[in-house]
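Remarks on the structure that follows.
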Amino acid sequence: MPRLKRSHSVAGWLAAAMLLTSGCAVLNGSSADARGPGASYEQAYADHEPLHVVGYPSTGSLLVVQKLVWDIADGKTDELRKLATSDSSEAEARKTAENWIKGFGAGARGKVTGDFYDDGSARQVVVLYFHDTHQVKEFTVRLDGDAGKEDWRVLMKSTDFKDATAAPSWAPKEPGGTGSKAKNS
């Protein structure tokens, strides 16, 4: 898989991924929606500013982070909590989703840059930069689920509002400030 160059918007890349996904679902005969299985993603993409990307996300880590930002922007607590890893309890996921929406909702409706650290093969640290509000937030995304049925999910265990909205002490003030390398490197 080709790596994205630093500081490039992934609008075209996401559109291509969505088209490939939609095409595969159509070939499989899926008709979950009269407009096609990719219609909800297409609409969300049309309704929001695309995530700007620094670093090297995998297709899965990129898509789950884009959905995370859009769900925060739209105040979709139930949709956001569905992105939680299996080790996040229902109560933890719901409270974390509420905290993130309250804390980052305004910023998520504007320009957001995701700085993706590490290689993204099974787990990735992502730092989001909410440009309009000048907030910075670290998230961990990882593969989760049964073997063969794994999907990218978000660790959601921040039930305290202050903890849920705290900026990481190690992250640079601007995206790409450390070259998107592991924070322990």
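Residue numbers (the numbering used here): 57 to 241. Glycine residues also receive a C-beta, built at the ideal position from the N, C-alpha and C atoms.
7 angstroms Cβ shell around residue i - same chain, five flanking residues per side excluded
i      : result
Asp200 : Thr141, Ser142, Glu206, Asp207, Arg209
Sequence-distant residues of the same chain with beta carbon closer than 6 angstroms to residue i, five excluded per side
i      : result
Gly170 : Leu107, Val109, Val121, Val182, Leu184
Lys213 : Ser144, Glu148
Ser114 : Gly176
Pro231 : Val110, Thr169, Asp171, Tyr185
Glu194 : Val183, Pro224
Range covered by the alpha helix (DSSP H) that runs through residue i
i      : result
Thr221 : Taken as a continuous stretch (DSSP letters only), Thr221 belongs to no alpha helix (DSSP H), as it is neither H nor E.
Asp134 : 133-137
Arg150 : 146-164
Which of helix, strand or coil DSSP assigns to residue i
i      : result
Lys229 : coil
Gly111 : strand
Ala129 : helix
Ala100 : helix
Residue interval of the beta strand (DSSP E) (run including residue i)
i      : result
Leu184 : 179-186
Arg198 : 191-200
Gly170 : 168-172
Asp175 : Element bounds for Asp175: n/a, residue is neither H nor E.
Asp207 : 207-210
Residue i CB to nearest heavy atom of the ligand NAD below 6 angstroms
i      : result
Val121 : Looking for the ligand NAD in the displayed structure turns up nothing, as the structure carries no ligands at all.
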